[in-house]
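Take a look at the structure set out below.
2 protein chains.
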Amino acid sequence: MYTIKDVASKAGLSQATVSRVINNHPYVSEEKKRAVQQAMAELGYVPNSSAQRLRNLKTKKIAVLVSRIVNPFFSQLVDAMEKRAAISGFQVILCNTRIDREKELEYFQLLKSKQVDGIIMASVENTWEVIEPFTKYGPIIYCNEYDPAARVTRVRLDQIEGGYIGTKHLLDKGHQKIAYCQGNDSSVSTNRRIGFLKAVTEAGITPEPAWMFKNIFTIEDGREIFRKLHALSCTPTAVFTGSDEVAAGIIKEAQQHSWRVPEDLAVIGFDDQPIAALLDPQITTINQFTTDIGITAMNVMLEIIHNPSVNKPQDILLPIRLIERQST
Amino acid sequence: MYTIKDVASKAGLSQATVSRVINNHPYVSEEKKRAVQQAMAELGYVPNSSAQRLRNLKTKKIAVLVSRIVNPFFSQLVDAMEKRAAISGFQVILCNTRIDREKELEYFQLLKSKQVDGIIMASVENTWEVIEPFTKYGPIIYCNEYDPAARVTRVRLDQIEGGYIGTKHLLDKGHQKIAYCQGNDSSVSTNRRIGFLKAVTEAGITPEPAWMFKNIFTIEDGREIFRKLHALSCTPTAVFTGSDEVAAGIIKEAQQHSWRVPEDLAVIGFDDQPIAALLDPQITTINQFTTDIGITAMNVMLEIIHNPSVNKPQDILLPIRLIERQST
DNA sequence: TTTACTTATGAAAACGATTTCACATCATTT
DNA sequence: AAATGATGTGAAATCGTTTTCATAAGTAAA
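Protein sequences appear in the order of chains X and Y.
Residue numbering for the first sequence is 1 to 328, as defined by the numbering used here.
Residue numbering for the second sequence is 1001 to 1328, as defined by the numbering used here.
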């Protein structure tokens, strides 16, 4: 393991000069510069990044918090973020919270102990009250999810609009009895429900509590929802779901019970994941332009890191779009 | 930003004592220990990890190289690895190579510059000849993919067996005309093809070159394969594919051309991804126990980091299993 | 010819932790 | 009573960089 000292003595120069060459500082003669570069090449020298970071307090790493990396929405999001980060020479640290409040909190130590330059929260388990004290150690921004109480930049979609247009679509198709599935009580879910309720109330419909479900995430969860609906005396004719996975589960289970989709039950998904176009019937869904969200969020983060004075709270809204297929 | 110095002076003790408390060293009186802990708590002190790492040359980070995190196989693999790593207090750095040789090579600088303690390669773009020089900077192991020339530990599946049992299954169903789709020329693909060829040759069949395809990865690639097959004068009755995504693409496109699966064309997938059980017909596939692979690989890595002397090259083979559904 | 500025270089002081070494103190054994 | 060993503590060296400071030489302006 060679150090800057080895390079310096090999080149017959001081550590300071070697450091200047490494960091492209001015005031180094071409001649010595070449000598240093040759010495570095011959030794196969690479600066020890722990030492560099101890000095300049930069890590070139961004922590990205997601609740479930196996959710295609998140893996696509992380993929986009990593791509943007790599262009600027940054690495992404994957922080998979597994919907665990404690675990999420642990990841904030990364910021405090200077292991990352910033944190992008694409999922949120703790309230802003808990997160806020960490802001003094580095930039924290929200992406997709957020806590309304927070005064930091958030890159997100108009989920109220998403809930509204999805529901409106079902209403336009003539449905009056609409069930509703959401994930946890996040900002995204909450806003979508506001949109849902807005649409149904406008249509003069009172939502049926027995058809409102929470904490529904996976394909299997979706299957169970259908079984629950099926067991009811009065069943809905349409379901609004929070993800294509859930929609897929409901559809498959419905078909296994010989229900026709969309004739007997219309189902709308969310996210426009690959499976949405593969199922039979193809799932009507709402596209979130995941890649754009990821890139935009990473852009904002890198900008803040590069120039902290630009860290003024912004509310960046990206477009959302209904994709009509055959499940409704 | 408080340092160990601040804690020391607040507690009226030396830095050395504070450090001993942090690292749970013996020979610190209970009284001073409490004093230090109280001082740390009051200041909200967290050790600067760059400084710690500069001293003890450990980072508690593992780089995981994958070619496409959006591939469910990889996101599940990374998920499992992260879970195991977190238990031991390690973080995972996501290295998405995007099938780019240069990009993969860049990630090895992480090891050289001491930003990670080890690298798990779940995809491989460069030959072992190129990778080998990095082994002196830290442990490198293969997971799933590997270069046969390498003398390092690899955790993998018997892909020859996978190719063999999948093909044998098609043969047992009476198919004689079998097409074959693979990804790139990786070890996994190569071995699977060996298994495929073994099975067909045993059955006395000569593989048809026009039905052998390479670099097929995505759902869209699968669709295109069907269109190509469809355009041939002599078409196969079955297709062996390298992933469920490809199988899904072929099946959907076939159905759009009014072919029945499996009657007109049998399709077998690989990986047992969630979509495999969702499609109609459900896809016959080969389960790779992705979670087990990830945990096992991370286990091996952590063991090596903890005790480098155990770093003897091993070839760890995990089981593989045919899951028969309706697409064959 | 002086003055002022730019260019070029190295010695030494940071950065914030851990560890070595030296030195106490106290208890136990000879 | 002396010798030995276990326990407890702090000063200072160390890890590998970057940056400050001092200094010197060369060049342009006055």
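All C-beta atoms, glycine included, are put in the ideal place defined by N, C-alpha and C.
As the structure is a prediction and not an experimental result, all values here were calculated from the model.
Practice prompt. Inspect the CB distances between the segment 1296-1305 of chain Y and the segment 1129-1147 of chain Y and report whether three or more fall short of 8 Å.
Written response: yes
Worksheet item: What do you get for T1000 of chain Y, buried or exposed, if any count of 16 or more other CB atoms within 10 angstroms of its CB means buried?
Response: Outside the displayed range of chain Y (1001 to 1328) lies residue 1000 of chain Y, so it cannot be described from this structure.
Worksheet item: Cβ of L278 of chain X less than 7 Å from any chain Y Cβ?
Response: yes
Worksheet item: How would you list, in chain order, the residues of chain Y whose beta-carbon sits under 7 Å from the beta-carbon of A51 of chain X?
Response: L1054
Worksheet item: Can you name the residues that DSSP bridges to G1118 of chain Y?
Response: Y:I1062
Worksheet entry | Contact between the segment 203-213 of chain X and the segment 159-179 of chain X (3+ Cβ pairs under 8 Å) | yes
Worksheet item: Expressed to the nearest angstrom, what Euclidean distance is found between the alpha-carbon atoms of A1238 of chain Y and A1051 of chain Y?
Response: 60 Å
Worksheet item: Is it a yes or a no for the segment 1060-1072 of chain Y touching the segment 1260-1267 of chain Y, going by three-plus beta-carbon pairs under 8 Å?
Response: no
Practice prompt. Mind listing the chain Y neighbours of P47 of chain X? Cutoff is C-beta to C-beta under 8 Å, in chain order.
Written response: By Cβ distance, chain Y contributes S1113.
Practice prompt. Examine chain X for any beta-carbon lying closer than 7 Å to the beta-carbon of Q1326 of chain Y, and answer yes or no.
Written response: no
Worksheet entry | Beta-carbon separation (whole angstroms), D1271 of chain Y vs F1073 of chain Y, contact threshold 8 Å | 5 Å
Worksheet item: What does E82 of chain X touch in chain Y if you count any residue whose Cβ is under 8 Å from its own?
Response: I1069, L1094 and N1096
Worksheet item: Hey, quick one: how far does the beta strand (DSSP E) through A179 of chain X stretch, first residue to last?
Response: I178 to C181
Worksheet item: Say the cut is 6 Å; is the CB of I119 of chain X nearer than that to a heavy atom of the ligand GDP?
Response: Although the ligand GDP was asked about, the structure shown includes no ligands whatsoever.
Worksheet item: Does any residue of chain X bring its CB to less than 7 Å from the CB of Q1314 of chain Y?
Response: no
Worksheet item: Does DSSP classify Q1273 of chain Y as helix, strand or coil?
Response: Residue state, collapsed to three classes: coil.
Discussion item. Using CA atoms only, rank isn't needed, just tell me which of X:L322, X:I293, X:I316 and X:Q314 is closest to V283 of chain X.
Written reply: The question names Val, but residue 283 of chain X in the sequence shown is Ile. When each option's Cα is compared against that of I283 of chain X, the closest is X:L322.
Item to complete: Please state whether DSSP places M1081 of chain Y in a helix, a strand or coil.
Response: helix
Worksheet item: Which residues in the same chain have their Cβ closer than 7 Å to the Cβ of A1203 of chain Y, if we skip the five residues on either side of it in sequence?
Response: L1171
Worksheet item: Nearest-angstrom Cα distance between V1310 of chain Y and E1106 of chain Y?
Response: 27 Å
Discussion item. Can you tell me where the beta strand (DSSP E) holding A318 of chain X begins and where it ends?
Written reply: Before going on, a small fix: residue 318 of chain X reads as Leu here, not Ala. It spans D315 to L318 - the beta strand (DSSP E) in which L318 of chain X sits, taken as one unbroken run.
Discussion item. Give me, in chain order, the residues of the same chain whose beta-carbon lies closer than 7 Å to that of R101 of chain X; leave out the 5 immediate sequence neighbours on both sides.
Written reply: E125 and N126
Discussion item. 7 Å is my cut-off, CB to CB: does A1248 of chain Y come that close to chain X?
Written reply: yes
Discussion item. Can you tell me where the beta strand (DSSP E) holding N287 of chain X begins and where it ends?
Written reply: T285 to N287
Discussion item. Taking its Cβ as the centre, do 16 or more other Cβ atoms sit within 10 Å of I1216 of chain Y, making it buried, or is it exposed?
Written reply: Buried.
Fill in: P1319 of chain Y to N1144 of chain Y span [Cα, whole Å]
12 Å
Discussion item. Runs of 4 residues minimum, wholly inside the segment 30-58 of chain X: which ones carry the alpha helix (DSSP H) assignment?
Written reply: 30-43 and 49-56
Worksheet item: Going by C-alpha distance, which of X:A63, X:A122 and X:G222 is nearest I250 of chain X?
Response: X:G222
Item to complete: Determine which residues of the segment 1210-1223 of chain Y have a Cβ less than 8 Å from any Cβ of chain X, and write them out in chain order.
Response: I1219
Worksheet entry | Alpha-carbon spacing of Q1109 of chain Y relative to V46 of chain X, whole angstroms | 8 Å
Worksheet item: Any idea what DSSP makes of I1304 of chain Y, helix, strand or coil?
Response: helix
Worksheet item: Hey, is K1005 of chain Y's beta-carbon within less than 7 Å of any beta-carbon in chain X?
Response: Judged by the 7 Å Cβ criterion, K1005 of chain Y is not in contact with chain X.
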